[in-house]
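Heads up: the structure comes next, in structure tokens.
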Amino acid sequence: REPATAAPWSRVRYTPLAGQTVGVAGELSTPHADAETKIRAAGGALSPTIRAGLSQVIVSDTAADGRPVETTEAFKEAMRLSLRLVPEAAFFRGLELPGR
1173 REPATAAPWS
1183 RVRYTPLAGQ
1193 TVGVAGELST
1203 PHADAETKIR
1213 AAGGALSPTI
1223 RAGLSQVIVS
1233 DTAADGRPVE
1243 TTEAFKEAMR
1253 LSLRLVPEAA
1263 FFRGLELPGR
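Residue numbers (the numbering used here): 1173 to 1272.
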């Protein structure tokens, strides 16, 4: 009897952020290390700064000091550069496997 082989699609990784670099504006509700792990697992990279060329910017509700995120330099820079802003919850929901 021949050994069973895995279906070809079982080896395919779900990488919705393949080749993308994202930034963060505000204080995420998820610890930074956990967020970076999720982003890397999805094929992306996390930038330490807001800069031109980012694929998108994850936006939280508040800054680390409790101010509205809209008052932070990171948010203002993302707006100035016309980067795609994505709310934190929506961003991480988008990393989940479809159908789960």
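Glycine included, every Cβ here is placed at the ideal spot set by N, Cα and C.
In this text the structure is predicted, and so the values were computed from the model without any measurement.
By a C-beta neighbour count over all protein chains shown, 10 Å radius and 16 as the cutoff for buried, is residue i buried or exposed?
i: E1245; result: exposed
i: A1262; result: exposed
i: A1197; result: buried
i: A1250; result: buried
Tell me which same chain residues have a C-beta within less than 8 Å of the C-beta of residue i, skipping the five on either side of it?
i: G1215; result: R1185, T1187, P1188, L1189, A1190, G1191, Q1192
i: L1200; result: A1207, I1230, S1232, E1260
i: A1235; result: G1198, E1199, V1241, T1243, T1244
Apart from the five residues just before and just after residue i, which ones in its own chain have a Cβ nearer than 7 Å to its Cβ?
i: L1226; result: T1193, V1194, G1195, S1219, L1255
From the DSSP output, in three-state form, read off residue i for me.
i: T1193; result: strand
Should residue i and residue j be called a contact, given that it needs their Cβ atoms to be closer than 8 Å?
i: L1267; j: K1210; result: yes
i: A1217; j: L1253; result: no
Identify, in the order they occur along the chain, each residue of the same chain with its Cβ nearer than 6 Å to the Cβ of residue i, setting aside the five sequence neighbours on each side.
i: Q1228; result: V1194, R1256, V1258
| field | Complete beta strand (DSSP E) runs within the stretch 1217-1254 (minimum length 3 residues, chain order) | value | 1228-1231
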